[in-house]
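For the sequence shown, my numbering begins at 4 and goes up steadily by one.
For glycine and all other residues, C-beta sits at the position ideal for the given N, C-alpha and C.
As the structure is a prediction and not an experimental result, all values here were calculated from the model.
Working notes, structure below.
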Amino acid sequence: MNDLKTINKGEKFTHVSVGNLHGFTGKQFIKDATGATSCEISFGTLNTGESVPFFHSHKQNEENYIILSGEGKFQVNDNVFEIAEGSVIRVSTNCDRNIKCTSKEPMTYICIQAKEGSLEGYTMTDAEVTEHTNLL
Ligand code: ZN
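Shown next, in the form of structure tokens:
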């Protein structure tokens, strides 16, 4: 079982942790703990030979899977391809998807779901450099 903890929280931030990813099991959604309003983030781990027990599709949200460890296969509709640590897979709305671990070590991944087409400004088209005292 995972232990999602709120580490600290301020007016403008929330810091939570699922702990050491090497011992992470199952699935943990994060949005409710952080109060995120733009996306849902989840951590997932699959053991050797294990896949998600169902295919699923999203109506409005695209998903971005980031593979943190292990190797496996990913299926989008009838397309199957190999994935491994470092892979990032973006999946559109209205298609079926599943993920399977084929490595000896568990496959741990992050999935970020956000409304398809919602991203407007990003990186330096949204950000501005500010003057602030560095306390780090
Ligand atoms: Zn999903």
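Which residue's Cα is closest to the Cα of residue i: the options?
i      : options                     : result
Ile86  : Tyr68, Asn97, Thr9          : Tyr68
Gly75  : Asn101, Asp99, Ser106       : Ser106
Gly120 : Ala36, Glu14, Glu66, Gly26  : Glu66
Asn11  : Ile113, Ala36, Phe27, Asn23 : Ala36
Val21  : Gly13, Phe77, Tyr112, Asp81 : Tyr112
Gly89  : Asn5, Ile70, Phe16          : Ile70
Thr28  : Thr17, Thr48, Glu14         : Thr48
Thr17  : Gly38, Val79, Asn80         : Gly38
If the criterion is Cβ atoms closer than 8 Å, does the pair residue i and residue j meet it?
i     : j      : result
Lys8  : Val19  : yes
Asn64 : Gln116 : yes
Asn50 : Cys114 : no
Asn5  : Ser54  : no
Quick check on residue i: buried or exposed, where buried means 16 or more other Cβ atoms within 10 Å of its Cβ?
i      : result
Cys98  : exposed
Met127 : exposed
Gly52  : exposed
Leu122 : exposed
Gly73  : buried
Phe77  : buried
Taking 8 Å as the CB-CB limit, is residue i close to chain C?
i      : result
Lys118 : Among the chains in the structure shown there is no chain C, since it carries only a single protein chain.
Subject >> Touching by the beta-carbon criterion (3+ pairs, under 8 Å), the stretch 117 to 135 and the stretch 45 to 58 >> reply: The stretch 117 to 135 vs the stretch 45 to 58: no contact.
Original post:
On the three-pair Cβ rule with 8 Å, is the stretch 87 to 101 touching the stretch 44 to 52?
Top reply: no
Original post:
Which residues, in chain order, sit with a beta-carbon under 6 Å away from any heavy atom of ligand 1?
Top reply: His59, His61, Glu66, Gln116
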